[in-house]
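Residues in the sequence shown are numbered consecutively from 10, following my numbering.
Notes follow the structure.
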Amino acid sequence: MTRKHVVVVGAGFSGVAAATAIARSKRARVTLIGRDGFGRGLAYGTKDPSHLLNVRASNMSARADKADDFALWLHSKTGKDPGVFATRSRYGDYVQSTLKQAQRAAMLSGGLKCLEGDAVSCRAGSGWWNIELASGRGIEANGVVLALGNPPVSIPVVFSDASVPLVDPWDAKAMQRIGKGDVLLLGAGLTMIDVALSLAARPRIQTIYALSRRGQTPRVHLDPPSPPPSTPLELPPNLSDALHLFRREVRAMSERGEPWQLAVDRMRGATPALWGGLSVEQQRRFLRHLRVWWDVHRHRAAPEIFSRAQDLQNSGKLRVLAGEVVSAQKVGRHYEVFHRQRGGRARHRLEVAAVVNCTGANLDLTRSPDPLVQQMLAEGLARTHATGLGFDLDENARVLDARGQTQGSLYAIGPITAGAFWESTAVPEIRARAAAISALI
Ligand SMILES: Cc1cc2nc3c(=O)[nH]c(=O)nc-3n(C[C@H](O)[C@H](O)[C@H](O)COP(=O)(O)OP(=O)(O)OC[C@H]3O[C@@H](n4cnc5c(N)ncnc54)[C@H](O)[C@@H]3O)c2cc1C
10 MTRKHVVVVG AGFSGVAAAT AIARSKRARV TLIGRDGFGR GLAYGTKDPS HLLNVRASNM
70 SARADKADDF ALWLHSKTGK DPGVFATRSR YGDYVQSTLK QAQRAAMLSG GLKCLEGDAV
130 SCRAGSGWWN IELASGRGIE ANGVVLALGN PPVSIPVVFS DASVPLVDPW DAKAMQRIGK
190 GDVLLLGAGL TMIDVALSLA ARPRIQTIYA LSRRGQTPRV HLDPPSPPPS TPLELPPNLS
250 DALHLFRREV RAMSERGEPW QLAVDRMRGA TPALWGGLSV EQQRRFLRHL RVWWDVHRHR
310 AAPEIFSRAQ DLQNSGKLRV LAGEVVSAQK VGRHYEVFHR QRGGRARHRL EVAAVVNCTG
370 ANLDLTRSPD PLVQQMLAEG LARTHATGLG FDLDENARVL DARGQTQGSL YAIGPITAGA
430 FWESTAVPEI RARAAAISAL I
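The following block contains the structure:
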């Protein structure tokens, strides 16, 4: 190999952001491997126009070096202003266009090649990596970026034991097949809202139940938006102290007439450092007790989506329940599900046409069905993070092996880096990480 070659595995948003950043840097030629298309991934493959981004166009650039890239692109296509929440499908068009643009620009500097395939193994040679595809083809590279994305959701045992199938909310055909009756959605986050809005538009769907342990649903973005906060909120590297100071600051802001959303936004830049400064025990405590509160305040819904979800709740079409499922079974063409409400002992019965799993990606990679992940863990090329969220990485996103050592240019990006950085799934963090990896290649 005469010129550096980097392979990026996975071609959702993270893979495209990493591949295009590296290609633009002209440091290496890049091969982007995708098993199911290039640029849309799980989030931006939906065609449903009711599925909006949960971040304004002004902060959705795919490029760390060009903050208004998406806003300008959107304006050129639709005339819409940077404050809008565009459809996720439109955003997928944009990501694909950034890929095409980077491919054209890289033609003279070594190239950015898209290769359809399923990477099944990654092994180290001396100074290079060998990536093997399911087809048997091998590819050599000086560096690898794992952009494997959102692992599949896990199926709660109460459903698997009873052989009650759960519908994948991103499987459009399975969603279409849901018959007449009530529907139960497991989980109450942004995915639940998307699914509830889609189902509510169908006349044969009756009541939509959403069930999660605490019944907390996403809060709403400020409308109109306020300018980005100028003073960052820095918190001490101890969970209890940080929480105490954060609450005090929210109270003080509220007395000044400032909305709580700004407090969350003010700590955004400092979150990875705060997370990294916590002990593993404190990180686990956060996940156990605070995660749900963090998620609903940090991952907020677009105002339009929020108010439509509120309308559904006010009309009784959507009922959000706090509790857990205790049993499930098939009864004729429907499913009988018993759940216990939070804090109560009584069992409540639902009879539903389908149960949709909106609980989100399971980041415990020991349970990943991806042969590449299993091979890397089994051969000690990677290990899972102590919190159970994704791979263990150093502060530069280099994958640590079973002994905790980095191994040349092997990086990870996207949701599988949640244990290492916590903030790892939204576009602003992914594009910054892509630029940082590209600078290290
Ligand atoms: C429904 C939803 C809505 C979101 N909305 C927003 C938003 O509005 N704003 C925002 O900032 N963020 C949003 N996010 C978060 C963020 O943008 C996504 O998590 C992001 O798309 C992550 O991209 P990814 O490439 O890491 O993962 P994925 O989209 O999961 O893509 C990974 C790709 O890699 C492929 N792959 C995996 N393993 C292999 C292999 N071994 N070989 C070949 N290919 C492989 C997969 O098949 C997949 O195509 C949203 C996320 C979701 C799920």
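Cβ atoms here follow ideal geometry from the backbone N, Cα and C, with glycine treated the same way.
Remember, it's a predicted structure, so these values are computed and weren't measured experimentally.
Hey, out of the options, whose CA is closest to residue i's CA?
{"i": "ASP98", "options": "GLU267, LEU61, ASN159", "result": "Correcting the residue type first, residue 98 is Ser in the shown sequence and not Asp. It is LEU61 whose Cα lies nearest to the Cα of SER98."}
{"i": "GLU345", "options": "ALA143, PRO174, VAL162", "result": "PRO174"}
{"i": "GLY417", "options": "GLN112, LYS326, TRP138, VAL166", "result": "TRP138"}
{"i": "PRO161", "options": "GLY119, PHE94, ALA32, TRP179", "result": "TRP179"}
{"i": "LEU231", "options": "GLU267, GLY353, GLY285, ALA209", "result": "GLU267"}
{"i": "ASN205", "options": "HIS253, PHE315, TYR103, SER288", "result": "The residue you asked about is not Asn; residue 205 is Ala in the sequence shown. Of the listed residues, the one whose Cα sits closest to ALA205 is PHE315."}
{"i": "LEU271", "options": "LEU254, PRO237, ALA115", "result": "PRO237"}
{"i": "VAL154", "options": "GLU432, ARG213, LEU402, GLY413", "result": "LEU402"}
{"i": "ASP177", "options": "HIS348, ASN247, SER163", "result": "SER163"}
{"i": "GLY278", "options": "ARG412, ALA71, GLU432, HIS394", "result": "GLU432"}
{"i": "PRO312", "options": "ASN63, ALA171, VAL335", "result": "ASN63"}
{"i": "ASP170", "options": "ALA444, THR375, VAL334, ARG354", "result": "VAL334"}
{"i": "LYS444", "options": "LYS35, HIS14, LYS13, ARG12", "result": "Sequence check: residue 444 is Ala here, not Lys. The candidate whose alpha carbon is nearest that of ALA444 is LYS35."}
{"i": "SER235", "options": "SER336, VAL273, ARG213, ALA20", "result": "VAL273"}
{"i": "ALA355", "options": "GLY332, SER377, ILE31", "result": "GLY332"}
{"i": "PRO91", "options": "PRO233, VAL340, SER336, GLN350", "result": "PRO233"}
{"i": "ALA20", "options": "THR55, ASP127, ASN151", "result": "ASP127"}
Along the chain, where does the beta strand (DSSP E) containing residue i start, and where does it finish?
{"i": "GLN338", "result": "327 to 340"}
{"i": "PHE430", "result": "Here PHE430 belongs to no beta strand (DSSP E); instead the alpha helix (DSSP H) covers 427 to 430."}
{"i": "THR415", "result": "415 to 421"}
{"i": "GLU360", "result": "356 to 361"}
{"i": "ILE42", "result": "38 to 43"}
{"i": "THR216", "result": "214 to 221"}
{"i": "ASP203", "result": "Taken as a continuous stretch (DSSP letters only), ASP203 belongs to no beta strand (DSSP E), being part of the alpha helix (DSSP H) at 199 to 209."}
{"i": "ARG407", "result": "407 to 409"}
{"i": "ILE148", "result": "147 to 150"}
{"i": "VAL129", "result": "128 to 133"}
Rounded C-beta distance between residue i and residue j? I'm assuming under 8 Å.
{"i": "THR396", "j": "LEU296", "result": "6 Å"}
{"i": "LYS363", "j": "ILE202", "result": "The residue you asked about is not Lys; residue 363 is Ala in the sequence shown. About 17 Å separates the two Cβ atoms, so there is no contact after all."}
{"i": "GLY147", "j": "GLY50", "result": "In fact, because the Cβ distance is near 25 Å, the residues do not count as touching under 8 Å."}
{"i": "LEU419", "j": "GLY399", "result": "Actually they are not in contact, since the Cβ atoms of LEU419 and GLY399 sit about 14 Å apart, beyond 8 Å."}
{"i": "ALA76", "j": "VAL93", "result": "The pair is not a contact, with the Cβ atoms about 16 Å apart (cut-off 8 Å)."}
{"i": "LEU390", "j": "CYS123", "result": "Contact flag wrong, Cβ pair sits at about 25 Å."}
{"i": "GLY48", "j": "GLN105", "result": "4 Å"}
{"i": "ALA156", "j": "SER23", "result": "4 Å"}
{"i": "ARG392", "j": "ALA73", "result": "Actually they are not in contact, since the Cβ atoms of ARG392 and ALA73 sit about 28 Å apart, beyond 8 Å."}
{"i": "GLN292", "j": "TRP302", "result": "The Cβ separation is near 15 Å, so there is no contact."}
{"i": "PRO245", "j": "LEU287", "result": "That belief does not hold up - the Cβ atoms of PRO245 and LEU287 are roughly 11 Å apart, past 8 Å."}
{"i": "ARG294", "j": "LEU248", "result": "6 Å"}
{"i": "VAL15", "j": "ALA150", "result": "6 Å"}
The alpha helix (DSSP H) that contains residue i, what's its start and end?
{"i": "GLN225", "result": "It is not in any alpha helix (DSSP H) - GLN225 carries neither H nor E in the DSSP assignment."}
{"i": "ILE31", "result": "22 to 34"}
{"i": "VAL301", "result": "300 to 307"}
{"i": "ASN139", "result": "That residue, ASN139, is in no alpha helix (DSSP H); its beta strand (DSSP E) goes 138 to 142."}
{"i": "HIS253", "result": "248 to 264"}
{"i": "HIS84", "result": "78 to 87"}
{"i": "ASN323", "result": "312 to 324"}
{"i": "PHE168", "result": "166 to 169"}
{"i": "TYR103", "result": "97 to 114"}
{"i": "ASP274", "result": "269 to 276"}
{"i": "VAL289", "result": "289 to 294"}
{"i": "GLU438", "result": "436 to 449"}
Are three or more beta carbon pairs between the segment 216 to 235 and the segment 382 to 389 nearer than 8 Å? no
Does the segment 23 to 43 come close enough to the segment 409 to 424 that 3 or more CB-CB pairs lie under 8 Å? yes
Counting pairs of Cβ atoms below 8 Å between the segment 225 to 232 and the segment 192 to 208, do you hit three or more? yes
Counting Cβ pairs closer than 8 Å, one from the segment 363 to 377 and one from the segment 252 to 264, do we hit at least three? no
At least three beta-carbon pairs within less than 8 Å, the segment 35 to 42 to the segment 433 to 446: no
Are three or more beta carbon pairs between the segment 126 to 145 and the segment 81 to 94 nearer than 8 Å? no
Three-pair Cβ contact test at 8 Å for the segment 140 to 147 versus the segment 403 to 412: no
Using 8 Å as the threshold, is the segment 235 to 252 in touch with the segment 312 to 331, meaning 3 or more CB pairs across them? no
For the segment 328 to 344 against the segment 352 to 362, do three or more pairs of beta-carbon atoms, one drawn from each stretch, fall closer than 8 Å, so that the two count as touching? yes
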